[in-house]
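To start, the structure itself, in structure tokens.
In UniProt numbering, the protein residues as written are 1 to 477.
Given below as structure tokens:
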């Protein structure tokens, strides 16, 4: 079938009798031209119920009785043409969706002589559109489209179920009015981050329910680069969030109770290992060193758990002061050199080549804590004789710090949960490298508490690069 034959062209006289039925119409509907021309009207292949319904609509719109072929010709006579979707019934019983454009025809004396209809088969598009609508409407997750003006353009049924509002109310309410007051600034920053090209990694905020309480939602959002609209899905994690808070409180209580006896155990092991109480045999020293290392690891775990709990409860004091970023990076690298030497990894500080004094407001201790985590991870996963590259550069009014390794990289199925608590790419007891699974979760919270951002790039097999971004003090810009 050539391009021209894909269009059904059908002409009628003023009475609606078909005067032209082209090859495209024959192929589309299964009728031969000589079966219809001069004998039938388009009613032969239109759905009668659809025509009756349209006649009623037009009668109300035009305030007059519309019947018969006037259903197809009244608007073209008034407006010059009409484009509308219709159902065609083929000769052998099948149905097609078509986009039909009807225009009036005139002779040289500008007298109306008939009507020309051009129909295009849109059955496939309609089927796809229906499937997408069903997917949108039947999804148990919330799905929506948000305009540049901050209004919902479309919401699915799950929105009305989970938030309690009618669809009409949601479409008339600015999205920002539903956000918990404590989450507004963070939500605005997340939207800006998305427009800047970062990926959505499961942003959490709270929206107000019709009955006044708040629902905790986890969002995955993509902006349209052409229109700026936000296409988003969200999952109700209110119950999960409540359980996580309970778990956090439980872990915090247990951690506090463990801290005192563990400190005593670590101290006692350290005293024995120092041989102040007497010499040790090699087997005894090996076993005691193993116990000491594990008690130290438990201490780190408990300290991380308590730090996360303090951050979650808003009890951790973050003391922001102006600091030279390059000086802090040099200190962080120096503090991690011993571990790098042990692992036979070289740390290359390319940030040291920056001439300007770049200053940002940071909590010195917490910044060094974050860098220690990033550097230790990069060293841990680098091969022997590998390199970890630390860099810093100015991007707009901010400084972006990067820690790049040449290790195995981050698996695709792990990327979305890399900043979750207790997340590890290999959670088995036999994994090659140890870790608590808290370092990156804590680092993310600490960076955000210092008004910064943390993200990463990684291709499996080609290493990983973590980025920290902080605003530069205005005097340096």
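Every residue gets a Cβ at the ideal spot worked out from N, C-alpha and C, and that includes glycine.
For clarity, every value in this text was computed on a predicted model and none was experimentally measured.
By a C-beta neighbour count over all protein chains shown, 10 Å radius and 16 as the cutoff for buried, is residue i buried or exposed?
{"i": "residue 206", "result": "buried"}
{"i": "residue 363", "result": "buried"}
{"i": "residue 121", "result": "buried"}
{"i": "residue 77", "result": "exposed"}
{"i": "residue 196", "result": "exposed"}
{"i": "residue 107", "result": "exposed"}
{"i": "residue 444", "result": "buried"}
{"i": "residue 18", "result": "buried"}
{"i": "residue 269", "result": "buried"}
{"i": "residue 338", "result": "exposed"}
{"i": "residue 405", "result": "buried"}
{"i": "residue 249", "result": "exposed"}
{"i": "residue 395", "result": "exposed"}
{"i": "residue 117", "result": "buried"}
{"i": "residue 528", "result": "Residue 528 falls outside the range modelled here, since the chain spans only 1 to 477, and no answer is possible."}
{"i": "residue 223", "result": "buried"}
{"i": "residue 385", "result": "exposed"}
{"i": "residue 215", "result": "buried"}
{"i": "residue 326", "result": "buried"}
{"i": "residue 411", "result": "exposed"}
{"i": "residue 357", "result": "exposed"}
{"i": "residue 407", "result": "buried"}
Would you list the residues sitting across from residue i in a DSSP beta bridge?
{"i": "residue 220", "result": "233"}
{"i": "residue 118", "result": "9 and 101"}
{"i": "residue 46", "result": "88"}
{"i": "residue 208", "result": "214"}
{"i": "residue 488", "result": "Since the first residue of the chain shown is 1 and the last is 477, residue 488 is not available in this structure."}
{"i": "residue 455", "result": "467"}
{"i": "residue 83", "result": "101"}
{"i": "residue 399", "result": "394 and 470"}
{"i": "residue 106", "result": "112"}
State the start and end residues of the unbroken beta strand (DSSP E) segment that holds residue i.
{"i": "residue 387", "result": "387-395"}
{"i": "residue 439", "result": "No beta strand (DSSP E) contains residue 439, which is instead part of the alpha helix (DSSP H) from 439-449."}
{"i": "residue 319", "result": "Careful: residue 319 lies outside any beta strand (DSSP E) and carries neither H nor E."}
Taking only three categories from DSSP, how would you classify residue i?
{"i": "residue 133", "result": "helix"}
{"i": "residue 20", "result": "strand"}
{"i": "residue 351", "result": "helix"}
{"i": "residue 404", "result": "strand"}
{"i": "residue 275", "result": "coil"}
{"i": "residue 96", "result": "strand"}
{"i": "residue 346", "result": "strand"}
{"i": "residue 142", "result": "strand"}
{"i": "residue 464", "result": "strand"}
{"i": "residue 431", "result": "Low local confidence applies: a pLDDT of 39 at residue 431 is under 50, so the model's placement there is unreliable, with the coordinate-based value given in what follows. Three-state result, residue 431: coil."}
{"i": "residue 472", "result": "strand"}
{"i": "residue 179", "result": "strand"}
{"i": "residue 419", "result": "coil"}
{"i": "residue 521", "result": "The structure shown does not extend to residue 521, since the chain is modelled only from 1 through 477, so no value can be given for it."}
{"i": "residue 203", "result": "strand"}
{"i": "residue 227", "result": "coil"}
{"i": "residue 112", "result": "strand"}
{"i": "residue 40", "result": "coil"}
{"i": "residue 296", "result": "helix"}
{"i": "residue 66", "result": "coil"}
{"i": "residue 267", "result": "helix"}
{"i": "residue 15", "result": "coil"}
{"i": "residue 261", "result": "helix"}
{"i": "residue 414", "result": "helix"}
{"i": "residue 481", "result": "Residue 481 is absent from the structure shown; the chain starts at 1 and stops at 477."}
Tell me whether residue i counts as near the ligand COA, meaning its Cβ is closer than 8 angstroms to at least one heavy atom of that ligand.
{"i": "residue 61", "result": "Inclusion of the ligand COA in the displayed structure is not the case, the ligand content being empty and no account of it being possible."}
Taking the alpha helix (DSSP H) that residue i falls in, what are its first and last residues?
{"i": "residue 74", "result": "70-79"}
{"i": "residue 362", "result": "Where residue 362 is concerned, there is no enclosing alpha helix (DSSP H), although the beta strand (DSSP E) it sits in stretches over 359-362."}
{"i": "residue 325", "result": "325-335"}
{"i": "residue 188", "result": "184-195"}
{"i": "residue 33", "result": "33-36"}
{"i": "residue 162", "result": "157-163"}
Counting Cβ pairs closer than 8 angstroms, one from the region 125-136 and one from the region 26-46, do we hit at least three? No, they do not touch.
Three or more beta-carbon pairs under 8 angstroms between the region 137-157 and the region 217-237, yes or no? Counting Cβ pairs under 8 angstroms, three or more are found: they touch.
Can you find at least 3 beta carbon pairs, one from the region 236-251 and one from the region 272-290, that sit closer than 8 angstroms? The region 236-251 is not in contact with the region 272-290.
Report yes or no: do three or more beta-carbon pairs, one from the region 198-205 and one from the region 158-167, lie closer than 8 angstroms? Short answer: they don't touch.
Stretch-stretch touch, CB-based, cutoff 8 angstroms, three pairs: the region 282-290 with the region 331-347: Between the region 282-290 and the region 331-347, the count of Cβ pairs shorter than 8 angstroms is below three; the stretches do not touch.
Counting beta carbon pairs with one atom in the region 177-186 and one in the region 397-412, are three or more of them shorter than 8 angstroms? Short answer: they don't touch.
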